[in-house]
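This note's numbering numbers the first residue of the sequence shown as 1 and each following residue consecutively. Beneath this line is the structure, given in C-alpha cells, with notes to follow.
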Amino acid sequence: MSDINRLIKQFKEISIEADLSVLPDDIREALPHLVNAMDMITRIFLAQQHESLPYHYDEVMDGNDEERRQFYELFKGPYNPLTDYKSEFKDINDRRKGCAFYPDALEDCRIENKIDLLDEEQQKLARDHYTVIRDKDEGLEIIPYHIFYADELAEVFEELETAADLIDHEELSSYLINRAEALISGSYRDSDSQWVRLTDSPLDLVIGPYEVYADALLGIKATYESMLMIVDFEKGAALKEIENNLDKLATVFPMPAQSKGAMGGMAPIVVVNQIYSGGEAAQGIMAAAFNLPNDAWVRGNVGWKQVMLYNVMKAKFDAVTKEISQKVLHGGENIDFEPFFTFVLLHEISHGLGPAYRKDGSEVAKCIGSSYVAIEETKADTGALYLILKLGGQFGIEKYDDEVLLKTYLAGLFRSMRFGVHEAHGMSNLIQFNWLFKKGVISVDGAKFSIKVDNILKTAEKLLEKVCHIEAAATADEAEAFLDEYGKPGVEVLSALDSLSDIPTDIKAVFPGF
Ligand SMILES: [Zn+2]
Numbered sequence: 001m002s003d004i005n006r007l008i009k010q011f012k013e014i015s016i017e018a019d020l021s022v023l024p025d026d027i028r029e030a031l032p033h034l035v036n037a038m039d040m041i042t043r044i045f046l047a048q049q050h051e052s053l054p055y056h057y058d059e060v061m062d063g064n065d066e067e068r069r070q071f072y073e074l075f076k077g078p079y080n081p082l083t084d085y086k087s088e089f090k091d092i093n094d095r096r097k098g099c100a101f102y103p104d105a106l107e108d109c110r111i112e113n114k115i116d117l118l119d120e121e122q123q124k125l126a127r128d129h130y131t132v133i134r135d136k137d138e139g140l141e142i143i144p145y146h147i148f149y150a151d152e153l154a155e156v157f158e159e160l161e162t163a164a165d166l167i168d169h170e171e172l173s174s175y176l177i178n179r180a181e182a183l184i185s186g187s188y189r190d191s192d193s194q195w196v197r198l199t200d201s202p203l204d205l206v207i208g209p210y211e212v213y214a215d216a217l218l219g220i221k222a223t224y225e226s227m228l229m230i231v232d233f234e235k236g237a238a239l240k241e242i243e244n245n246l247d248k249l250a251t252v253f254p255m256p257a258q259s260k261g262a263m264g265g266m267a268p269i270v271v272v273n274q275i276y277s278g279g280e281a282a283q284g285i286m287a288a289a290f291n292l293p294n295d296a297w298v299r300g301n302v303g304w305k306q307v308m309l310y311n312v313m314k315a316k317f318d319a320v321t322k323e324i325s326q327k328v329l330h331g332g333e334n335i336d337f338e339p340f341f342t343f344v345l346l347h348e349i350s351h352g353l354g355p356a357y358r359k360d361g362s363e364v365a366k367c368i369g370s371s372y373v374a375i376e377e378t379k380a381d382t383g384a385l386y387l388i389l390k391l392g393g394q395f396g397i398e399k400y401d402d403e404v405l406l407k408t409y410l411a412g413l414f415r416s417m418r419f420g421v422h423e424a425h426g427m428s429n430l431i432q433f434n435w436l437f438k439k440g441v442i443s444v445d446g447a448k449f450s451i452k453v454d455n456i457l458k459t460a461e462k463l464l465e466k467v468c469h470i471e472a473a474a475t476a477d478e479a480e481a482f483l484d485e486y487g488k489p490g491v492e493v494l495s496a497l498d499s500l501s502d503i504p505t506d507i508k509a510v511f512p513g514f
C-alpha cells in the first residue's frame, strides 16, 4: 500500500445517520441552497490555505489520479493535518505557517515589525481576525475578508437569501438573512448574537470565519467553515435539568485558597445531528462538539452556545473507541455510547466549574504558564468522571452501571492518549491514567488493562482536588513538576498504544443525501 493510501485508510468511511423526516417541507426545500453556500465556503477555505489552491483542487478533482483525488477530498488539499500540514506530494510545498493570510515570504518577526510601522488604525486592522495582509510597495496593504473574497461571498449571500425566502420558521429565516448580510459586510456581531439565541429552530447552521487554529504564524486570522445540523429537541430537553442544576454541580468542585469560579451564567447546550460540512470543518478530523462564537463581546453580553454533534460522536465511538477497547481492555466489548456522551457533555460543563480566578483576582489561565491547558483538560475530564460517579441518578445526570461506565472511561483514555502524549489533550489523559495506575485502580495483566470499581470515587476526588489546587495556588514550576511526575508514558502504555496502529485514527463521514 502506498503512503497516501495508508493515510486515507486511517480515516474509516462511515455513514452518518440523521433523520431528515423531522424537518418540515419548506426547510427541506431550502437544504440544497444551504449546501451550495457551504460548498462556496469550502472554496474560500481552500484559497485561505493557498491562493492558487482552488484552481489546483479542481485540476486534481478532474484528473485521473484516484489516490490524490481521495486525499484532496478528505483533507481539502495536499496537506496532512496529522503532520502539521506538511505536503504529502512532491510537487507541492508544505502549508505555510501563515497560510495565505500574510504576504508570501514573511517570517513572523518581520511581519510583526512591518505591522508595527503602520499607523494605529491600520495596525488594529492588521491584527483583526478578519483581514488578509498583502505586500504593497514598501509597506503592507490590509484587506478585509468581505472585500478580498467578495465574489465568492456574493454567491454565498444569494444562496442563503434564497434559502431564507423558502423557510417559514421566522427566527431561522431572519437569522439566515442577517448572517448573509454579515458575511458580505464584515460585521458579524448581530448575527452571532442571534445565533446564540436561536434555540427553537429544527435546523441550525454556522457559517463564516470562526477559529484561528490554521494561523500558525500569529494565531489571529480566522478560517471560514460551516456546519449544517438537525436539532434533537428530545435529547436537548434531557440536558435542561443538568443546566438548571449547575449550581449543585459546582459545589462538588473544590475552591481552594479562596479562589473564585467563572462569572455569569452558562449558555444553552444543544444536541444536534450534523448533515453537512464546509470549509475547515470538512478537513480531516471531525469535531464532535463545539462552542461558538468566539467574539469576546458576544460571549460577555449575550453568551455562547455549546453544540454536541451526537451522530458524529456516535460514529467515532463505533469506528474507533470500540475497536480500541476490544484490543486493550479485559472485557472490552462491554462499553457503551450513552455514558461516553454524558462524559463528554460533563467535560464541557466542567470547564466552566472549579477555580477560574485566584484570591488576588488574577486569571488562573495566566498563572501557571504553558502547563495550563493540560491541567485544565485534566480538571474537565476528572470533574466529569467525578460528577457521574458522585451525582449519577440526580440533577439530570444519568446513573450508569459502574463497570460499563469505567470501562468506557478507560477506553476513552486510550483513544485520546493515541493523539500524542506530547500534546495537551493526550497528556491530560496520561495524567489520569498514571494517577489511577499508581493507586492500583487501573491494573495490567499481559497486554490487557482492567479498572476497579472499589476506590475509584476517592481516587478521582483526590485528583480533582490536586488539579483544582494547582489552578488556585501553584506556581508555574509546581504545575510543571506535576506534569513531569504524571505526564510521562510508562512502558505498559507505550506498548498498548503500539498495538493500536491498525485501528482507524478517525472517520470519513458519508452524510445522508438530500
Ligand atoms: Zn476540554
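Where is the CB? At the ideal position from N, CA and C, for every residue including glycine. Note that this is a predicted model, so its numbers are computed, not measured.
- Around the beta carbon of G261, a 10 Å sphere encloses fewer than 16 other beta carbons of the protein chains shown; the residue is thus reported as exposed.
- Taking each of E171, I220 and G300 in turn and checking the Cα distance to T131, the smallest one comes out for I220.
- The beta carbon of L346 is closer than 6 Å to those of A384 and L387 in its chain, skipping five residues each way along the sequence.
- Counting only residues of its own chain and dropping the five nearest sequence neighbours on each side, K316 has a CB closer than 8 Å to the CB of M286, A288, D506 and I507.
- DSSP places N294 outside any alpha helix (DSSP H), giving it a letter other than H or E.
- Exclusion of the five residues before and after T342 leaves E398 as the residues of its chain whose Cβ lies within less than 6 Å of its Cβ.
- Scanning its chain for C-beta atoms nearer than 8 Å, with the 5 sequence neighbours on each side dropped, one finds around Y72 the residues Y57, V60, M61 and P78, in chain order.
- With a cut-off of 8 Å, the C-beta of E377 is classified as near ligand 1, since at least one heavy atom of the ligand falls inside that distance.
- In this structure, A356 has its CB at a distance of at least 8 Å from all heavy atoms of ligand 1.
- In this structure, E423 has its CB at a distance of at least 8 Å from all heavy atoms of ligand 1.
- For V206, the closest C-alpha among the options A182, A238, I456 and K466 is that of A182.
- Its chain contains no residue whose beta carbon lies nearer than 6 Å to that of G412 once the 5 sequence neighbours on both sides are disregarded.
- Between E171 and S201, the gap from beta carbon to beta carbon is short of 9 Å.
- Between E280 and Y372 the beta-carbon gap is near 25 Å, outside 8 Å, which marks them as no contact.
- With a cutoff of 9 Å on beta-carbon distance, L160 and A282 are scored as not near each other.
- A380 has its Cβ nearer than 8 Å to a heavy atom of ligand 1.
- Note that the stretch 431-446 touches the stretch 456-472; at least 3 beta-carbon pairs, one per stretch, sit closer than 8 Å.
- In this structure, the C-beta of E348 approaches ligand 1 to less than 8 Å from one of its heavy atoms.
- Remark: C-beta atoms of F511 and A18 approach each other more closely than 9 Å.
- By the Cβ criterion, the stretch 482-500 is not in contact with the stretch 290-299, since fewer than three pairs of Cβ atoms, one from each stretch, lie closer than 8 Å.
- As computed with DSSP, L463 is found in no beta bridge at all.
- At the C-beta level, M40 and G278 come within 9 Å of one another.
- If the five residues before and after T378 are omitted, its C-beta is found closer than 6 Å to the C-beta atoms of S428, I431 and V467, all from its own chain and listed in chain order.
- Taking all protein chains in view, the Cβ of E51 is surrounded by fewer than 16 other Cβ atoms within 10 Å, so the residue is classified as exposed.
- Judged by the Cβ position, H351 qualifies as a neighbour of ligand 1 at the 8 Å threshold, a heavy atom of the ligand being closer than this.
- M417 and I324 have their C-alpha atoms roughly 11 Å apart.
- Y213 carries a coil assignment under DSSP once its states are collapsed to helix, strand and coil.
- One thing to note: I451 has its Cβ no nearer than 9 Å to the Cβ of Y400.
- Annotation for S443: S450 place their beta carbon closer than 6 Å to its own, counting only its chain and skipping 5 residues before and after.
- By the Cβ-count criterion, V453 is exposed, with fewer than 16 other Cβ atoms from all chains shown falling within 10 Å of its own Cβ.
- In this structure, DSSP gives S52 a state outside helix and strand, which the three-state scheme calls coil.
- Leaving aside the five residues that flank S495 on each side, the residues in its chain whose CB is nearer than 8 Å to its CB run, in chain order, A447.
- By the neighbour-count criterion, in which a residue is buried when 16 or more other Cβ atoms sit within 10 angstroms of its Cβ, S191 is buried.
- Distance between E155 and M1, taken at the CA atoms: about 41 Å.
- The beta-bridge partner set that DSSP reports for D445 consists of K448.
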